Amino acid sequence: MPDFKNIILNLKKDNNYRNRVTTESAQDSLIKVSGKILNNFSSNNYLNLANNKKLKIKLKKCVDEYGIGSGASPLISGYSKAHESLEKRITKLLGFESTLVSNSGYLTNVGLINAISENEITIFQDKGNHNSIIESSRLSKTKLVRYKHLDYADLEDKIQKIKSPTKIIFTDTVFSMTGEQADLLKISSIAKRHKALLFIDDAHGFGVLRENEKKFPSSINHLNLGKIKIDAYVATFGKAVGTFGAFVCGSKGLIDLLIQKSKPYIYSTALPPALVETTLESINMIMDDKKIVKNLYSNIAYFKKLIKIFKVNINNSNTPIQTMTVGNPKEVMDICKRAKKLNIFIQGIRYPTVPINHDLIRINLTSGHSKKQIQSLVEFLNTIK
Ligand SMILES: Cc1ncc(COP(=O)(O)O)c(C=O)c1O
Numbered sequence: 024m025p026d027f028k029n030i031i032l033n034l035k036k037d038n039n040y041r042n043r044v045t046t047e048s049a050q051d052s053l054i055k056v057s058g059k060i061l062n063n064f065s066s067n068n069y070l071n072l073a074n075n076k077k078l079k080i081k082l083k084k085c086v087d088e089y090g091i092g093s094g095a096s097p098l099i100s101g102y103s104k105a106h107e108s109l110e111k112r113i114t115k116l117l118g119f120e121s122t123l124v125s126n127s128g129y130l131t132n133v134g135l136i137n138a139i140s141e142n143e144i145t146i147f148q149d150k151g152n153h154n155s156i157i158e159s160s161r162l163s164k165t166k167l168v169r170y171k172h173l174d175y176a177d178l179e180d181k182i183q184k185i186k187s188p189t190k191i192i193f194t195d196t197v198f199s200m201t202g203e204q205a206d207l208l209k210i211s212s213i214a215k216r217h218k219a220l221l222f223i224d225d226a227h228g229f230g231v232l233r234e235n236e237k238k239f240p241s242s243i244n245h246l247n248l249g250k251i252k253i254d255a256y257v258a259t260f261g262k263a264v265g266t267f268g269a270f271v272c273g274s275k276g277l278i279d280l281l282i283q284k285s286k287p288y289i290y291s292t293a294l295p296p297a298l299v300e301t302t303l304e305s306i307n308m309i310m311d312d313k314k315i316v317k318n319l320y321s322n323i324a325y326f327k328k329l330i331k332i333f334k335v336n337i338n339n340s341n342t343p344i345q346t347m348t349v350g351n352p353k354e355v356m357d358i359c360k361r362a363k364k365l366n367i368f369i370q371g372i373r374y375p376t377v378p379i380n381h382d383l384i385r386i387n388l389t390s391g392h393s394k395k396q397i398q399s400l401v402e403f404l405n406t407i408k
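Per the working numbering, residue 24 is the first one in the sequence shown, and the count goes up by one each step.
What follows is the structure, given as structure tokens:
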């Protein structure tokens, strides 16, 4: 029997023991924790839609129509008109052949990799990929090969050395802990040269990234679909869209296979239809109201401007995820405690989420932050540079 007590003691000794923060209000740019209102820089609610008035009214209306729960897994009776409409909408929006709406990004990756898993498949993954992708490979019969973070020479070297009848490259588009972006054009040309499939996880890009301001922010435009071929596209609703759940797009064949073989999909209760319909409303809102995304980019630009003025040492990122490397787990958590005293809610990210000695402060900017909130954050960061 594992020595639970000792495992916990060791985590505490290494400053890697995690505590949950109990929030007492809705996710918004201000959040209540332990009775105190804090400026919230710790949420993936990039477009500030998780507490949006119009979406809350929509959800209430949908609950009146559909009730609360879906009552069953999708292949029994949990798949509703709402699920079908959302799938059709996303398919059209992103230009794939088909879409499957599922319960969470984590489970979508587990289901995807396990459903296609055969001994002869090798999956090449960036070392910085989200845990759900790495762990999905480990849980499957596929062979996992990890290349150095954002190092495409290393990817090319590994992909040409390793013999496998089926090769897949799987990468995050926006790396969840650093906000860095993968070079999809480069990756796709490597995939083409080595006849590999390309799978991407756009959890932090969907609804946020854009190729140009006029088009839907995260339409496949930002992924250069005209120039690259994506064989599976995964994204989630729990971040920019502000609701919950996830989806995968691909060919009709892939989606049909997932319906037959993705175990988290087949054996888990479907998402509540009221939430699914609200998700569709949220996506429409992002498309129709360009101001929502514009505000986010204006806040990112303002943050970066202040950082430059104050000469604060922040890692390079053009996304709402901004980080400061501290490199010590105790120090990183002490900084977060100090921030809380000044009503600033930021989170420290420690091993194993990031490599040892790469502990960092992760800041999430949203379209809901005011310039004043951002200024107070940068003034605090300036005290720890
Ligand atoms: C890249 C990536 N994929 C998947 C997930 C999991 O998504 P979900 O929260 O919907 O399970 C996350 C969550 O942070 C993520 O960053």
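Quick reminder that beta carbons are idealized off the backbone N, C-alpha and C, glycines included.
Please read these numbers as outputs of a predicted model, since none were measured by experiment.
Unbroken alpha helix (DSSP H) run spanning residue i, endpoints
| i | result |
| --- | --- |
| V214 | In the sequence under discussion, the amino acid at residue 214 is Ala, which differs from the Val named in the question. That run of the alpha helix (DSSP H) goes 207 to 216. |
| A269 | Not the alpha helix (DSSP H): A269 falls in the beta strand (DSSP E), residues 269 to 273. |
| G128 | 128 to 138 |
| V401 | 394 to 405 |
| V86 | 76 to 89 |
| R112 | 104 to 117 |
| D177 | 175 to 184 |
| K28 | 27 to 36 |
| E158 | 154 to 162 |
Limits of the unbroken beta strand (DSSP E) element including residue i
| i | result |
| --- | --- |
| K190 | 189 to 195 |
| K59 | 59 to 63 |
| K55 | 53 to 56 |
Paired residues, beta bridge with residue i - DSSP
| i | result |
| --- | --- |
| D224 | D195, V257 |
| N387 | I344 |
| F147 | V168, I192 |
| T122 | C272 |
| G371 | I384 |
| T46 | V56 |
8 angstroms contact criterion, which residue i and residue j should meet: CB distance rounded
| i | j | result |
| --- | --- | --- |
| D149 | Y170 | 6 angstroms |
| L208 | A214 | Their Cβ separation, rounded to whole angstroms, is 11 angstroms, which puts L208 and A214 out of contact at 8 angstroms. |
| P343 | V231 | 7 angstroms |
| A263 | L70 | 5 angstroms |
| L427 | S93 | Since the first residue of the chain shown is 24 and the last is 408, residue 427 is not available in this structure. |
| K275 | E120 | 5 angstroms |
| S9 | N142 | A question about residue 9 goes unanswered here, because the residues of the chain that appear run from 24 up to 408. |
| A258 | F222 | Actually they do not touch by this definition, with Cβ atoms about 12 angstroms apart. |
| I386 | I369 | 6 angstroms |
| A269 | C85 | Incorrect: roughly 19 angstroms between the Cβ atoms, too far for contact. |
| T301 | L78 | 6 angstroms |
| N62 | Q396 | 5 angstroms |
| S340 | E179 | About 25 angstroms; that fails the 8 angstroms criterion. |
| I282 | S390 | That pair is no contact at about 35 angstroms. |
| V349 | L383 | 6 angstroms |
| N137 | L167 | 13 angstroms between Cβ atoms; not a contact. |
| L280 | F326 | Not quite, the Cβ-Cβ distance comes to about 43 angstroms (not below 8 angstroms), so this is no contact. |
| T292 | G101 | 6 angstroms |
| N152 | F193 | 7 angstroms |
Original post:
Closer than 5 angstroms from C-beta to any heavy atom of ligand 1: which residues, in chain order?
Top reply: Chain-ordered list of matching residues: S127, G128, Y129, H153, S155, D195, S199, D224, A226, T259, G261, A269.
Original post:
Which runs of the beta strand (DSSP E) spanning at least 3 residues fall entirely within the region 278 to 352, listed in chain order?
Top reply: 344 to 348
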